[in-house]
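Quick note on UniProt numbering: the sequence shown kicks off at 1 and runs consecutively.
Idealized CB from N, CA, C, for every residue including glycine.
The structure appears right after this line, and notes come after that.
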Amino acid sequence: MLKVDNLEFSFKDFQVLNGICFEARRGEFVSILGNNGAGKSTLLKCIARLLKPKSGVVLIDGKDANSFSLHQLSKSVAYVPQRYTTNRITVYEAILLGRKPHFTGLIPSSEDLEKVEMALDIFGLKHLAFRYLDEISGGELQKVVIARAFVQEPKVLLLDEPINNLDLKNQIEVLKILKRLSMQEGILVIVILHDLNLAIRFSDWFIFIKDRKIFASGGKEVIRADIISKVYGIDVKVEKHGDEIFVVPIVAAI
1 MLKVDNLEFS
11 FKDFQVLNGI
21 CFEARRGEFV
31 SILGNNGAGK
41 STLLKCIARL
51 LKPKSGVVLI
61 DGKDANSFSL
71 HQLSKSVAYV
81 PQRYTTNRIT
91 VYEAILLGRK
101 PHFTGLIPSS
111 EDLEKVEMAL
121 DIFGLKHLAF
131 RYLDEISGGE
141 LQKVVIARAF
151 VQEPKVLLLD
161 EPINNLDLKN
171 QIEVLKILKR
181 LSMQEGILVI
191 VILHDLNLAI
201 RFSDWFIFIK
211 DRKIFASGGK
221 EVIRADIISK
231 VYGIDVKVEK
241 HGDEIFVVPI
251 VAAI
């Protein structure tokens with residue numbers, strides 16, 4: 001459903017991505033993993049057409065993403081960046097902006113309003129609907145931004161470090177919501193995460209990026225100490241407790 005074929009991106013003379021290839025389907029939760037500077041954010045921006053690759057192609061349902069108008073693309077792909085600015089608008093208004101690709105006139109339709117009400121319910125934001133964005137917490141704001149992307153009704157939802165700077169409770173809540181969206185709404189969720197154990201807990205598929213290339217990809221079978229150690233440059237051990245898998249760094253005593 002999404003196919004990335006031989007994607008390359010360079011900034012001036014520096015190659016950021018080299019020969020990136022993978023496929024993913026609707027309903028999957030995919031984590032992109034690797035050290036800072038590996039090219040993870042650049043990959044998402046290339047898929048979202050915020051950056052133009054040097055070569056390669058992104059296919060959505062077999063169609064070249066470059067052939068989509070921006071209006072068409074926004075109905076297929078939603079992108080949630082690492083950082084965003086907050087305007088003096090309410091939670092309700094912020095989420096309603098996600099319906100812009102579906103607007104048929106100057107006034108939102110009843111369907112647009114229904115989608116916003118649904119998002120407020122799914123994301124547990126009804127009590128904050130008419131609060132301003134600068135009056136809510138970081139965790140609540142993150143839910144608003146994802147809810148805005150959700151009401152676009154995308155086939156693919158791209159999120160760049162969506163749990164960065166959130167406390168553990170809000171990290172879990174956001175990831176639970178994303179997992180539900182993939183399972184219940186059939187959305188392909190592709191997320192950049194730094195916490196390996198949370199990635200393992202919620203993901204169906206893993207893509208490890210090292211030195212601008214995909215070093216390994218697959219299901220739980222790629223959660224191996226040798227792969228993780230090479231990608232991150234640190235010794236780790238992989239432990240199993242029942243059906244759960246955990247990655248533990250091996251740190252020498254100080």
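- In the DSSP assignment, Gln142 falls within the unbroken alpha helix (DSSP H) covering Gly138 to Phe150.
- In this model, Ser109 and Val247 are separated by some 48 Å (Cα to Cα).
- Counting the other CB atoms within 10 Å of its CB gives Thr42 a total of 16 or more, which places it among the buried residues.
- Residue burial annotation: Leu73 is buried, with at least 16 other C-beta atoms found within 10 angstroms of its C-beta.
- Ranking Ile207, Gln184, Leu128 and Tyr232 by CA distance to the CA of Arg26 puts Gln184 first.
- Selection Gly19, Leu198 and Ile136 evaluated against Asn164 yields Leu198 as nearest (Cα-Cα).
- In the DSSP annotation of this structure, Phe246 is not part of any alpha helix (DSSP H); the continuous beta strand (DSSP E) holding it starts and ends at Glu244 to Pro249.
- Positions of the beta strand (DSSP E) runs, each at least 3 residues long and wholly inside the stretch 12-81, are given as 14-24, 29-33, 55-60 and 77-80 in order along the chain.
- With fewer than 16 other Cβ atoms from the protein chains shown falling within 10 Å of its own Cβ, Phe11 counts as exposed.
- Residue pairing by DSSP places Tyr132 opposite Thr90 in a beta bridge.
- For Ile214, the enclosing beta strand (DSSP E) covers residues Lys213 to Gly218.
- The Cβ atoms of Ala78 and Leu168 do not sit closer than 7 Å to each other.
- Contact check between the stretch 88-101 and the stretch 143-156: three or more CB pairs, one atom from each, fall below 8 Å, which counts as touching.
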